[in-house]
Amino acid sequence: MTWVAWRLQRTELLITAAILALLAALLVPTGIHMANAYHDAGLSSCVGAFKGSACGQQIGDFQVRFEGLSHLTDLFTILPGLIGVLLAAPFIFDLEHGTYRLAWTQSVTRRRWLVGKLAVPIAAGILAAAALIGLMTWWHVPGVHLNGRLDTGIYDSEGTVAIGYTLFALGLALALGAVWRRAAASISVAFVAYFAMRIFVDTWLRDRLVSPLKISWRGEEPHVLSTAKIVSENVFGPAHVKVAGGGPISGHAQLGIPGGPGGGPLVETVYHPASHFWPLQLTETGLFLGLAVLLIGFAAWWTHERTV
Amino acid sequence: MSAPVAVRTAGLGKRYGSTWALRDCSLEVPAGSVTALVGPNGAGKTTLLHLLIGLGSPSEGAVEVLGLSPRRDAHDLLPRLGFVAQDHPLYRSLSIADTFRLIGRLNPGWDDRRALARIEHLGLDPGRKVGKLSGGQQAQVALTLALAKEPQLLVLDEPVASLDPLARREFLSAVLEAVAETQMTVVISSHIVSELERVCDHLITLADSRTQLVGPIADIVASHRLLTGPRSDGASVARVHNVIRESHTERQTTLLVRANGHVYDSCWEQHEVDLEEIVLAYMGYVPGALRAPAEEVVPA
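These protein sequence lines are chains A and B, in that order. So for the first sequence, my numbering puts the first residue at 1; every next one is plus one. So for the second sequence, my numbering puts the first residue at 309; every next one is plus one.
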């Protein structure tokens, strides 16, 4: 049955492989180029040490130079969803075209058919997500040294969350397709729903998955914040009057707020330090995997019990 | 002693939501018979066939196929069943040979050589994509898939409905040929009886989700007569025989009856009636409108 499921999924698997190959074709040369630039500029000696003005200048130059590329890779955050819904297609095609009736009246039971038919896209999804994570993690190494890996674009493609995203998108498409039995429609709606869920998690939920830390400081930004994810920041003038605040503030040095004693305004920063990376990753992965299990389970149950 | 039975249902019913697709269906299909399941569209034929092969599970009643329960014993029963679903679904992007390889993997008793020999006999190239074949050729591929399992029961759901007359003839000839070679039982559904008469020896009609006329075709044809005579209400005939349909002109009355023995009344002229007309009469037959209810034809 596994061979049969593989054979009927071949096109989608090849498309997935092609997407990953294209990605590698883009990332491998630019990644090598970026790593060389990082090395040549001697940036590794700047990281973790006191940042002198020369270092700051070099880091700034490096970031400006590769800004376009990192924005481009931010777009790849849609890939887990795209691969997930794509891998669901053969399952829904079987229902849409009525070929499940052909399959279910051969000598394998419906249960075995379901196991094979679901195991192949799940395994392929995990492998594809793992390949994506491996590639992006390698590519991001210089950026991670400088800025940490909690920024949305990097965080989404490192660690384990991408596996959760892929299986969640797969589960969404399977569940919709099991009931709706229209491949194109189910996949489109599943992708939109996946995207909406990702936006919700990226912009609201993620900061709340693990309790953030709080730090008050003046003048020079504490080193811990250079690789941290800022949740919110408040700036206080004399007599503790809030002059700016809310979300993350970029470039507080240039705020030009009259400083109190000790140089510069008082800043209160709520943040996730770099050490929160794994707690955040594992919590979020667990959330998406849990949803994926529910959705895939529902698709299997509906198909087993409700489909004739 | 009764003959061995391939399919037996008792009070079988299937409900989708609040509508019954099939109700109170009790029937037997004798082993080795070629049975036509005839009824208008929406009569519940497909539902019944799906219950037989375990695609659906009954809402009420019982079904037994080759002595097994289609859902509970699926593991043992499936290898012994051949099924061609309505519109003969196939993987259109696969070639015929790949389709065989695929379906072969799903059947331990698969005979690949036999399947390929059949396809070559039909003059088809095994390398052709299934999606590029004509409707008749696709139906033949689907039939080949079902036959290569060497099933004991072959179930065909409206196999010729979408085919042109020539393809219909070829398909049914292929079924006949296969039946002649083996001892298998065949159930074929259709909304047209005339095309099945050549192939089938048993008949089950289904209308309004209930069975109406069940038995060997030869007995059914032999027991039905068309009577024409001067205009009357036909009451004298209805006392002895079952009147299935009556129609009147100004001076003449025509009755289609299931005769209990001979019709002796000399004022009626008797005609033979063909199977299609009998079936159509039963389809249009409204229970309660006539005195005589339609009962099963008991084999002589």
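Cβ coordinates follow ideal geometry from the N, Cα and C atoms, glycine included. Treat the numbers as computed from the prediction; the structure is a model and nothing was measured.
Along the stretch 312 to 367 of chain B, the beta strand (DSSP E) occurs as fully enclosed runs of 3 or more residues at 313 to 324, 327 to 338, 342 to 346, listed in sequence order. L345/B and L176/A have their C-alpha atoms spaced approximately 35 Å apart. Secondary structure of R380/B (DSSP, three-state): coil. With respect to chain A, the C-beta atom of A382/B has a partner C-beta closer than 8 Å. A check of alpha carbon separations from H429/B across V438/B, L414/B, V449/B identifies V449/B as the nearest. For L205/A, there is no enclosing alpha helix (DSSP H), as DSSP gives it neither H nor E. When the alpha-carbon of L69/A is set against those of G31/A, S45/A, V210/A, the nearest one is in G31/A. At a cut-off of 8 Å between beta carbons, W3/A contacts chain B. Restricting attention to alpha helix (DSSP H) runs no shorter than 4 residues, the stretch 17 to 85 of chain A encloses them at 53 to 65, 67 to 74, ordered along the chain.
For P538/B, the uninterrupted beta strand (DSSP E) segment begins and ends at 532 to 538. Just measuring C-alpha positions, the residue of I59/A, E268/A, G56/A, A119/A sitting nearest W3/A is A119/A. For I411/B, the nearest beta carbon of chain A is closer than 8 Å to its own beta carbon. About 6 Å separates the Cβ atoms of W104/A and L363/B, confirming a contact at the 8 Å cut-off.
Secondary structure of S544/B (DSSP, three-state): helix.
Beta-carbon to beta-carbon, F288/A and Y165/A are separated by about 6 Å, close enough to satisfy the 8 Å threshold. Between N349/B and chain A, the shortest Cβ-Cβ separation is not below 8 Å.
The beta-carbon distance between T99/A and P397/B, rounded to whole angstroms, is 5 Å. This is short enough to meet the 8 Å contact definition. Within chain B, the residues P397 have their CB atoms less than 7 Å from the CB of H97/A, given in chain order.
Contact holds between the stretch 457 to 467 of chain B and the stretch 385 to 395 of chain B, because three or more Cβ pairs, one in each stretch, are under 8 Å apart.
Bounds of the beta strand (DSSP E) holding R218/A are 213 to 218. Annotation for H579/B: no alpha helix (DSSP H) segment contains it, though the beta strand (DSSP E) segment containing it runs 577 to 580.
Between the stretch 126 to 142 of chain A and the stretch 412 to 423 of chain B, the count of C-beta pairs closer than 8 Å stays below three; the two stretches do not touch. Of all alpha-carbon atoms in A589/B, V483/B, L455/B, A530/B, the one lying nearest the alpha-carbon of G412/B is that of L455/B.
Against chain A, the CB of G325/B has no partner CB under 8 Å away; the residue lies outside that interface. Per DSSP, G98/A lies in no alpha helix (DSSP H) segment and is marked neither H nor E. In summary, the residues of the stretch 355 to 378 of chain B whose CB is separated from some CB of chain A by less than 7 Å are H358, I361, L363, G364, in the order they occur in the chain.
Under the Cβ distance rule, V189/A does not count among the residues neighbouring chain B, no pair being separated by less than 8 Å. By alpha-carbon distance to C508/B, the top candidate from G431/B, D381/B, V522/B, T355/B is V522/B. The beta carbons of A382/B and T109/A sit closer together than 8 Å. DSSP places V308/A in the coil class of the three-state scheme, outside both helix and strand. Pairing A447/B with P467/B gives a Cβ-Cβ distance under 8 Å. When the Cα atoms are used, P366/B and L376/B turn out to be separated by approximately 14 Å.
In this model, H145/A and G286/A are separated by some 27 Å (Cα to Cα).
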